[in-house]
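Trainee:
Protein chains in written order, with the numbering used here: chain E, 4 to 236; chain Y, 8 to 203; chain L, 356 to 853; chain S, 549 to 995.
What follows is the structure, given as C-alpha cells:
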C-alpha cells in the first residue's frame, strides 16, 4: 500500500534557517560597525563648519596679524564662558581698517543698531556639561587642545569630537597635554618638542597643581578629574 | 538478507509527493510498549545496524545501553563555557574598572576579588548554560525542520504514546523487505517505509 | 462545607472548566510502599489527551473570565508606566529619607516569586523528587513571568527608561563602563542570567511536549507554530541522550544560580551600612524567603488551575501536600532568620542595630511588621496538621497569606530601616502615591495575563516527564517486592498506613 | 529501574564482628599516641606550665623569640591597642583542645542531621548507610565528656574572655545576661541533652526494628523528625555562638550557626564515605552499598563544599564590603599578616576550590580510592577551618601559634572517637535490616 504525503516543512526550510542564522550574524556585525563608526561623534560632530554671518578669518587675524586669542575672547581666564567679542571689539580696528568693506557690512550694521551679530556657535556642549574655560586655561591646557589650529582656519570648524570619552582621554592622562600657563594661547608652542619632553615638563606642571606628588606619582587629587560631579553638577 | 520476495511486502510505503524516482530513505517500525522496544533495540544493536534510532515519547532509562550509545561530550562543552565565563568575567571587570575606567568611589579598590565574584559567577553560569543549550542543539543537529519521518501519520504518535525504531536507508544493512521481517519478528506491530 | 461551596455557580466545576478528573486522596503514608504520584487510570494516551486538550479544546468560561480580568488589571500598567516615564519618578512617594519605596519592594517580591520555578525544576530534579514533574512546567512559566515583572521595576526606576541599556557593559562614546563594585550592577547580571537560563531551561524542557502538540495538530497554523517551536524533534533516543545530559547540566547550573540570585538581591541591602540591613544571614535568609513566597504563589496558581483544566489526577493532593510542607519548612527558616536578627542585634551590642529591630517591631511600622510575622511565621504553622495540608481551601488561603506576608517582609526591610536611619532629624513616614499602587497592582495584571496565555497556548504539564514517572511506577512496584517480601509481610502493617 | 537485580541481604556480611576489636585497637593506639605525644611534646613546648604560672603561654617556637616574650596577657589585652579585648589573647592548651573537640563535634552534628533529614524526607537511597550515621551520632556522649574539662571553672577563662572581662569593657557588659558562666553551663547541658537524646532515641528505634520489624517505628521516627530538626537547628546555632563565636565576645555574625552547620554536614559525609570504604575493604556491606550510593554520598560532599563556600563568602563579603570596624576586626586579625592570611587562602583553595574541582566528576565519586582521598582531605580541611576560627585570637593574630600538640591532640581524640564508633557499631547489624525502604535503597540507581 502506498500513500503520498508532504511534511509540514519542505527541505529548503532548513537551508533557509541556516541562511537566516548567518544573515542575522552578518547584520548584527553590520549594525555594530554602523553604530561604532557611523554614529560616532568623530563622524557626526567633528568637521562641523557652519557658514558665519561675517566671513571672519582666524587665519588672517591670528595667524598672520598675530592677535592673541584673549584680545577678543577676553573672559577665558576669569570665567567659565569664553566670550564671543562684542561688535565694539571688531570696531576697535575696523573703524580704521577697511572701514567700507562689503564683508563687514553686518558688523557696521550691528554697531549702528546695537543688535548683536548672530554668530553661529561651533563648539557647543550639551547643557548637562559644565565646561569651565578658566579652569583649563589657567592650568596650562592650551586652546589648541580642544579647538585645534584655529590660527590656520579661514572658517572655524570643530576638529575634536567633543564626546565624553574624548574629554576623559585627557582627564585621565593630562601629562602630555599641559604646558606653561603663559604659552596657553601660543598655538605654535610645542611643535619643536617631542612627546616625551612634553610629558616630563607636564609632570612638573601637574606637581605644581598638586595632581602629582614629589615622586612623580599621581596623587589622590587626580581622581577628582574623573569624578562625575566635576563635569555634571 | 537477499531472499527472493515471494509474498506481499510486510510494510506500507509512503512516497513523497511529486517524487520522480522514489527511493526508500527510512524504515520505521512501531512497538506497543517500552519493554518491547527495549528488547528489540538490543537485538537491532546486536544485528550490527549503525544508522538507526529509537523514537519514544519520553526518555527511557536503560535504552542508551540497549542501543549502545556512547557518552556525549556535552559536559566538556559546558565546562569550557563555564571556564570562559569565569575568566572572562574577572578579566572584564579587572580591565573595565581597574584599567580602562578606574574610578574612585567610597575608597574601594578599583579591582578586588570579593566584589568581582558575583558578576564572574553569574557569567560562569550564563556561558555554561549557553554551552549546555547550544551544545545540545549542535550535537543533535537541531533545528531540523524537515525530516522524512514527518511524512508518516503513524509516526505522529511517537511523541505521544507509541515507540518506534527507525532504520535509515544509508545503513549498510538496510533492506526494506528483510529488515521489515526482522523487525516483525522482534515484536513490531507495524512497519512503514518512507520513499522520496 | 465543600458541597455547599460547590453549589455556588461560579465554583461549580462544570461552569469553571472541564473538570472530569476526580479528587483521589493519595496522601496516606505507609513506610512499606509509596503512593503513586499520578492517580486514576492514567497512561501515556490519557496524559497526552488531557494535557493537549487544554490547548486544543475551546477555552472554558473560567479561563476567559480570568484572562479578561487579568488583562483589565494589566491596563493599570498601561496607564501608570507612561505617566511615570512622562513625569519622572517624582510621581512616586519616594523622597528623603526613604529613597527606596515600592519599586524595590516589588522588585524583590517578584524576583522571590520567581525562585520556586527553578527550585522545583532544578533542585528537586537533582534530588530526584519525582513530584516535580507534574508541577515544574507551570512553576517555570511562573518564574519567567515573575522575573519579567521584577525586571520592570529597575527598568522604570532609572528615570530615563530609554537609557536603561546603560546598565550593561556596552562599549560607548563616553568611554565609561558600569561600576562593577555596585551591588545594583550585580543584580543586573544575576537577574539577567537568571531570566536567560530559566528561559532556556523552560523552553528546552518544553521542546518534546511542543512536538507532541505539533503531531496532534489538525490545522496548519498550529502545525506551523508548534512545528517551528519544536525544532523538528522526533523523540529520537540519540537526541534524548544528549538532551537528558543537557537537562541535568542545566539543572546543576540552575541550582547554584537560584541560590545566587536572591543572595545578590540581598547584597543590595546587606553590603550597606544601614542598620537592619547589614546582617550576614541575609543571603540564605533571602533565598529561603524567596522559595517560601514562590511556593506559595505556585499553590495559589495551581489550586484553581488543576480544577479549571481537570488535572486533579496529575497534580494530585500529594503534590500539593508536598508543596505545603516546603512552605512550612521555608516559613520556619524565615522565622529562624527573624529570630537570629533580633538575637544578634541585642548580642552585638550595637545601639543602632538594636534600635532598628526594636523599631521594626514596635515603632511606627509595627503594623507592617506584625502582618509580616503573622502571615509568614504563624500562618504556615497550620500545616503541622495533615488535614490542613491536604485541604485545598485551607492551603489556598494560607498561600495568599504567605504572598501578602512576603510582600510585607520586603516592605518592612526596605522602609523601616530607611525611615528611621542614622539621622533622627530626617526621620519621616513613607506614604506611597497613586502611581506606586497602580504599578504594583498592574504588575499582578501582567503576571496573571501572561500566565493565562501560557495555560492556553503551551503545554501546562511536562507530559514527557510525567510519562517517565508513570513508567517508573509501573516498573518498580512489582519487581522490588519479592526479595524482602518475607520480612515485609511479617510486619503487622494494616495500621501503619493511617 | 526494574532492571537491576535486588540484592539479597542474607548473603551479605553485615555485622562488625572481629573488626570491632581491630577498630578499638587502632583507636586505642591513636589515643595513646595522642596522649603520650601531647604530654611529651606539650611539656617540651611548655604547654602545661600555665597551670603553675597564670600568665605563661605561647608555643616553644615563639618562646625564644624576644619580641614575643611569653605571657604578658595583661599587656596584650589591656595595653597593646588601648582597647578592651573580647578575646583571650594568650595561648593555652585549651585552644588546640577546643579545635579538635569542635572538629569531631561537627562530625557528630552532621551525623544526627543526616539521620533526621532522611527521615523527614522519607528518603530511600540513604537507608543502607543510615545505621552508620546513627552510630556516629552516638559519639555525642564522648563529645560531652571531652567538653567537660574545658568547662571547669578554673579553665574556661583561659578560652573565654567574657568570664573575666577587661574593666570598662562595656560591650561585654551588655551581654552579661547571656554570656555568663552559669547560663553557659546550662546551655551546654541542654545542647548535649538534645543531641544525645536524639541520637540515642533514633539509634534505639532503628536497632530495635532489626528485631521486631515494626513499621510503626519508621512512622514514629519520621513523625518526630521535623521537631527533631527544629531542636537541632536551634541547638547547633546557639552552640556555634557559644562555643566558637564567643571566643571573641565582641564579634557577632548572624550566619555563624549556618557556617558551622555547612562544615558539619560536609565533614560528616566525608567521614561516612571513609567508614563505608573501610568496611567494604574488610568485606562488610560489599554489595549493599553500591557505587550508586557512593556517588550520592560524593554528591552531598560536593554540594556541601559549595554550600560551605557560599556561606563563608556571604559572611566575608558583607563584612568586607561594609567595612565597619567592630565587624572587620575579626577578619583583620585573620588576614593582616602573612601567616593567617595564607591560612585563609588555604581554606579558599583547599577547602573549596580543590575539592570542588576534584569531586565534580562522577567517576571520582564512584571510585573508592579517589573518594577516600577526597574524604580525608575534607576532614583535614574541617580541622583547618576550626583552627582558623579558634587560634588567630592569640596575640591578636600577630603570630602563628602552631605547636606539636595541634597535631597530637586531634590524633588522640580521633582514637577515642573511633573507639566510641566501634562500641556503637558493635552488637547489631551494620545496616537497618528491616527498614521498610531497604529494598528500594538496595535497588537504588542514579537515574
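A virtual CB, placed ideally from N, CA and C, is assigned to each residue, including glycine.
All values derive from a computational prediction rather than experimental measurement.
Name the chain E residues whose beta carbon is nearer than 8 Å to that of residue 152 of chain Y?
Mentor: Translated into positions along the second chain, residue 152 of chain Y becomes position 145. Simply 11, 12, 16, 17 and 20.
Trainee: I'd like to check one pair, residue 213 of chain E with residue 134 of chain E: are the Cβ atoms closer than 8 Å?
Mentor: For the purposes of this step, residue 134 of chain E is taken as residue 131 along the first chain, with counting starting at 1. For the purposes of this step, residue 213 of chain E is taken as residue 210 along the first chain, with counting starting at 1. Pairing residue 134 of chain E with residue 213 of chain E gives a Cβ-Cβ distance that is not under 8 Å.
Trainee: Would you tell me roughly how many angstroms separate the C-alpha atoms of residue 786 of chain S and residue 821 of chain L, rounded to the nearest one?
Mentor: What you label residue 786 of chain S is simply residue 238 of the fourth chain in a count that begins at 1. What you label residue 821 of chain L is simply residue 466 of the third chain in a count that begins at 1. One C-alpha to the other measures close to 43 Å.
Trainee: With DSSP run on the structure shown, which of helix, strand or coil describes residue 640 of chain L?
Mentor: Numbered from its first residue, the third chain carries residue 640 of chain L at position 285. Residue state, collapsed to three classes: helix.
Trainee: Does at least one heavy atom of the ligand ZN sit under 7 Å from the Cβ of residue 525 of chain L?
Mentor: Ligands are entirely absent from the displayed structure, and the ligand ZN is therefore not among its contents.
Trainee: Is there a Cβ of chain A sitting closer than 8 Å to that of residue 705 of chain L, yes or no?
Mentor: The question asks about chain A, but that chain is absent: this structure's protein chains are E, Y, L and S.
Trainee: Leaving out the 5 sequence neighbours to the left and right, which residues in its chain are closer than 7 Å to residue 60 of chain Y when beta-carbon positions are compared?
Mentor: Working through the second chain from its first residue, we reach residue 60 of chain Y at position 53. Within the same chain, residue 60 of chain Y has close Cβ partners 173.
Trainee: Can you find the residues in the same chain that come closer than 6 Å, C-beta to C-beta, to residue 488 of chain L, ignoring five residues on each side of it along the sequence?
Mentor: Taking the third chain and counting its residues from 1, the one referred to as residue 488 of chain L is at position 133. So the list reads 817, 820, 821 and 824, once near-sequence residues are dropped.
Trainee: For residue 850 of chain S and residue 124 of chain Y, which I take to be in contact (beta-carbon distance under 8 Å), what is that distance rounded to the nearest angstrom?
Mentor: Here the question's residue 850 of chain S lines up with position 302 in the fourth chain. Here the question's residue 124 of chain Y lines up with position 117 in the second chain. Between residue 124 of chain Y and residue 850 of chain S the Cβ distance is about 19 Å, and since that is not below 8 Å, they are no contact.
Trainee: Is the CB-CB distance between residue 153 of chain E and residue 61 of chain E below 8 Å?
Mentor: As a position in the first chain, residue 153 of chain E is number 150, starting the count at 1. As a position in the first chain, residue 61 of chain E is number 58, starting the count at 1. Contact flag set, yes.
Trainee: Report the partner residues of residue 453 of chain L according to the DSSP bridge assignment.
Mentor: In the third chain, residue 453 of chain L corresponds to position 98, counting from 1. For residue 453 of chain L, which the question treats as bridged, DSSP gives the partners L/450.
Trainee: So, at 6 Å on beta carbons, what are the nonlocal neighbours of residue 165 of chain Y in its own chain, with the 5 sequence-adjacent residues on each side left out?
Mentor: In the second chain, residue 165 of chain Y corresponds to position 158, counting from 1. Same-chain partners within the cutoff: 62 and 171.
Trainee: With burial defined as no fewer than 16 other Cβ atoms inside 10 Å of the residue's Cβ, what is the status of residue 559 of chain S: buried or exposed?
Mentor: In the fourth chain, counting from the first residue as 1, residue 559 of chain S sits at position 11. Residue 559 of chain S is exposed by the Cβ-count criterion.
Trainee: Among S/992, S/638 and S/867, which has the Cα closest to the Cα of residue 799 of chain S?
Mentor: Taking the first residue of the fourth chain as 1, we reach residue 799 of chain S at position 251. Minimum Cα distance to residue 799 of chain S is reached at S/867.
Trainee: Cβ of residue 138 of chain Y within 8 Å of Cβ of residue 88 of chain Y?
Mentor: Taking the second chain and counting its residues from 1, the one referred to as residue 138 of chain Y is at position 131. Taking the second chain and counting its residues from 1, the one referred to as residue 88 of chain Y is at position 81. For residue 138 of chain Y and residue 88 of chain Y, yes; Cβs fall inside 8 Å.
Trainee: Residue 773 of chain L to residue 36 of chain E, Cα distance in whole Å?
Mentor: Taking the first residue of the third chain as position 1, residue 773 of chain L is located at position 418. Taking the first residue of the first chain as position 1, residue 36 of chain E is located at position 33. Each residue's alpha carbon lies about 46 Å from the other.
Trainee: What is the residue span of the alpha helix (DSSP H) that residue 22 of chain Y lies within?
Mentor: Your numbering for residue 22 of chain Y matches position 15 in the second chain. No alpha helix (DSSP H) holds residue 22 of chain Y; the beta strand (DSSP E) holding it covers 19-23.
Trainee: List the residues of chain Y that residue 233 of chain E touches, going by C-beta distances under 8 Å, in chain order.
Mentor: What you label residue 233 of chain E is simply residue 230 of the first chain in a count that begins at 1. None at all; the shortest Cβ gap to chain Y is about 12 Å.
Trainee: Determine, using beta carbons only, whether residue 163 of chain E and residue 151 of chain E come nearer to each other than 8 Å.
Mentor: Working through the first chain from its first residue, we reach residue 163 of chain E at position 160. Working through the first chain from its first residue, we reach residue 151 of chain E at position 148. Cβ atoms of residue 163 of chain E and residue 151 of chain E: closer than 8 Å.
Trainee: Residue 146 of chain E and residue 194 of chain E - do their beta-carbons sit closer together than 8 Å?
Mentor: As a first step, residue 194 of chain E must be located in the first chain, where it is residue number 191. As a first step, residue 146 of chain E must be located in the first chain, where it is residue number 143. Their beta carbons are not under 8 Å apart, which means residue 194 of chain E does not touch residue 146 of chain E by this criterion.
Trainee: Which class does residue 517 of chain L belong to by DSSP, given the choice of helix, strand or coil?
Mentor: Start at 1 with the first residue of the third chain, and residue 517 of chain L comes out as number 162. Reduced to three states, the DSSP call for residue 517 of chain L is helix.
Trainee: Keeping to the same chain, check which residues put their C-beta closer than 7 Å to that of residue 161 of chain Y; ignore five residues upstream and five downstream.
Mentor: Position 154 of the second chain, counted from the first residue, corresponds to residue 161 of chain Y. Within the same chain, residue 161 of chain Y has close Cβ partners 37, 197 and 199.
Trainee: Check each candidate in L/533, L/663 and L/737 and name the one with the smallest Cα separation from residue 102 of chain Y.
Mentor: Here residue 102 of chain Y refers to the residue found at position 95 when the second chain is read from its first residue. The option with the nearest alpha carbon to residue 102 of chain Y is L/533.
Trainee: Indicate whether the contact test is met: 3 or more Cβ pairs, each with one atom in the segment 538-546 of chain L and one in the segment 613-626 of chain L, closer than 8 Å.
Mentor: yes
Trainee: Counting only Cβ pairs nearer than 9 Å, list the residues of chain L close to residue 879 of chain S.
Mentor: Start at 1 with the first residue of the fourth chain, and residue 879 of chain S comes out as number 331. Those within 9 Å of residue 879 of chain S in chain L number zero; the least Cβ separation is about 12 Å.
Trainee: Could you tell me the alpha carbon to alpha carbon distance between residue 777 of chain S and residue 664 of chain S, rounded to whole angstroms?
Mentor: To locate residue 777 of chain S, count along the fourth chain from 1; it is residue 229. To locate residue 664 of chain S, count along the fourth chain from 1; it is residue 116. For residue 777 of chain S and residue 664 of chain S, the distance between alpha carbons rounds to 6 Å.
Trainee: Apply the 10 Å Cβ neighbour rule to residue 723 of chain S and answer buried if 16 or more other Cβ atoms are within range, or exposed otherwise.
Mentor: By one-based count along the fourth chain, residue 723 of chain S stands at place 175. Burial is judged here by how many other beta carbons sit within 10 angstroms of a residue's own beta carbon; residue 723 of chain S has at least 16 and is buried.
Trainee: Please classify residue 695 of chain L as buried or exposed, where buried requires at least 16 neighbouring CB atoms within 10 angstroms.
Mentor: Locating residue 695 of chain L in the third chain gives position 340, counting from the first residue. Buried, because 16 or more other Cβ atoms sit within 10 Å of the Cβ of residue 695 of chain L.
Trainee: Output yes if chain S places a C-beta closer than 8 Å to the C-beta of residue 391 of chain L; else output no.
Mentor: For the purposes of this step, residue 391 of chain L is taken as residue 36 along the third chain, with counting starting at 1. Chain S, which has no Cβ nearer than 8 Å to the Cβ of residue 391 of chain L, makes this no.
Trainee: Are residue 477 of chain L and residue 653 of chain L close, meaning C-beta to C-beta below 8 Å?
Mentor: Mapped onto the third chain, residue 477 of chain L falls at position 122. Mapped onto the third chain, residue 653 of chain L falls at position 298. Cβ atoms of residue 477 of chain L and residue 653 of chain L: not closer than 8 Å.
Trainee: Any beta carbon from chain Y within less than 8 Å of residue 450 of chain L's own beta carbon?
Mentor: Within the third chain, residue 450 of chain L is the residue found at index 95, counting from 1. No, no contact with chain Y.
Trainee: Taking the continuous beta strand (DSSP E) assigned at residue 730 of chain L, which residues delimit it?
Mentor: The residue given as residue 730 of chain L occupies position 375 in the third chain. Taken as a continuous stretch (DSSP letters only), residue 730 of chain L belongs to no beta strand (DSSP E), as it is neither H nor E.
Trainee: What does residue 222 of chain E touch in chain Y if you count any residue whose Cβ is under 9 Å from its own?
Mentor: Taking the first residue of the first chain as 1, we reach residue 222 of chain E at position 219. Correct list: empty, because the minimum Cβ distance to chain Y is about 12 Å.
Trainee: Ends of the beta strand (DSSP E) at residue 62 of chain Y?
Mentor: In the second chain, the residue the question calls residue 62 of chain Y occupies position 55. That run of the beta strand (DSSP E) goes 59-62.
Trainee: Among L/759, L/767 and L/777, which one has its Cα closest to the Cα of residue 799 of chain L?
Mentor: By 1-based counting over the third chain, the position of residue 799 of chain L is 444. Considering only alpha carbons, the answer is L/759.
Trainee: If you follow the beta strand (DSSP E) that residue 34 of chain Y is part of, which residue opens it and which one closes it?
Mentor: Sequence index remark: in the second chain, residue 34 of chain Y carries index 27 (1-based). Residues 31-38.
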